[in-house]
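Novice: Residue numbers (the working numbering): 3 to 225.
Glycine included, C-beta positions come from ideal geometry on N, C-alpha and C.
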Ligand code: C5P
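(1) Ignore the nearest five residues each way along the sequence and tell me which others in residue 11's own chain have a CB closer than 6 Å to its CB.
(2) Can you determine whether any heavy atom of the ligand C5P sits closer than 7 Å to the C-beta of residue 133, and answer yes or no?
(3) Suppose you measure from the CA of residue 60 to the CA of residue 185; what does that come to, to the nearest Å?
(4) Which residues does DSSP list as the beta-bridge partners of residue 176?
(5) Answer yes or no: the CB of residue 11 versus the heavy atoms of the ligand C5P, is any distance below 7 Å?
(6) Per DSSP, what are the beta-bridge partners of residue 76 in this structure?
(7) Could you tell me whether any non-hydrogen atom of the ligand C5P is closer than 7 Å to the CB of residue 23?
(8) Is it buried or exposed, residue 83, if we count other Cβ atoms within 10 angstroms and call 16 or more buried?
(9) Quick test of your reading: residue 205 and residue 148, contact by CB under 8 Å. State the CB separation rounded to the nearest angstrom.
(10) Tell me the DSSP secondary structure of residue 39 in three-state form.
(11) Applying the 10 Å Cβ sphere with the 16-neighbour rule, what's the burial state of residue 160?
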């Protein structure tokens with residue numbers, strides 16, 4: 003059983019995926035974390051993110067992804083970066099480099115391999131991202147496309163950042179969310195869009211429990 007959850011930033015994908023996975027006894031892979039890890043590696047090599055240089059560095063990056071029973075942990079060239087990839091400069095860099103075909107190619111097979119291995123080992127897997135239902139696992143048994151009003155998404159992102167000690171005005175967070183949406187939707191390769199057979203769920207007025215329950219019911223219908 004492969005459950006694909008896609009949608010724009012702040013629509014509730016990761017929170018929903020995490021809780022749904024716990025309820026089903028499956029691991030979940032937040033694929034944004036993989037883009038963030040590559041972004042961190044590239045930023046460390048070159049803060050200006052020169053693309054020609056980045057292409058060379060990409061071939062040397064060793065990425066290790068481990069499900070520890072509760073969350074995904076990531077190692078970059080032997081160093082754990084699970085927390086470091088959450089920094090705002092890494093968010094921006096991940097959004098930029100995820101439009102590069104060489105970055106998407108580097109991660110496509112990796113996501114498929116991890117998804118298949120975990121699904122076999124645990125009976126199922128939940129993946130969240132932007133192109134899981136359209137590109138990575140178009141054959142996923144359950145596909146959900148989460149959306150929410152941009153102001154609500156910015157408010158959620160602001161709270162998330164505040165919980166990590168970063169206080170930013172709502173307008174700043176909203177601008178960043180809209181810029182990231184535009185980049186995700188407008189890129190030529192694997193743009194953010196709802197798969198034809200995905201179920202769209204607007205989470206603006208839903209509680210987290212309600213979101214999880216709706217997706218859980220979809221999974222149960224198909225089990
Ligand atoms: O979901 P998160 O914000 O952590 O993802 C970081 C960035 O990685 C996003 O802004 C998006 O551009 C990119 N991404 C992607 N495809 C995915 C997951 C994330 O392009 N499947």
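Specialist: Looking at the coordinates:
(1) 179 and 182
(2) yes
(3) 21 Å
(4) Answer is none; residue 176 lacks a bridge partner.
(5) yes
(6) 67
(7) no
(8) buried
(9) 6 Å
(10) helix
(11) buried
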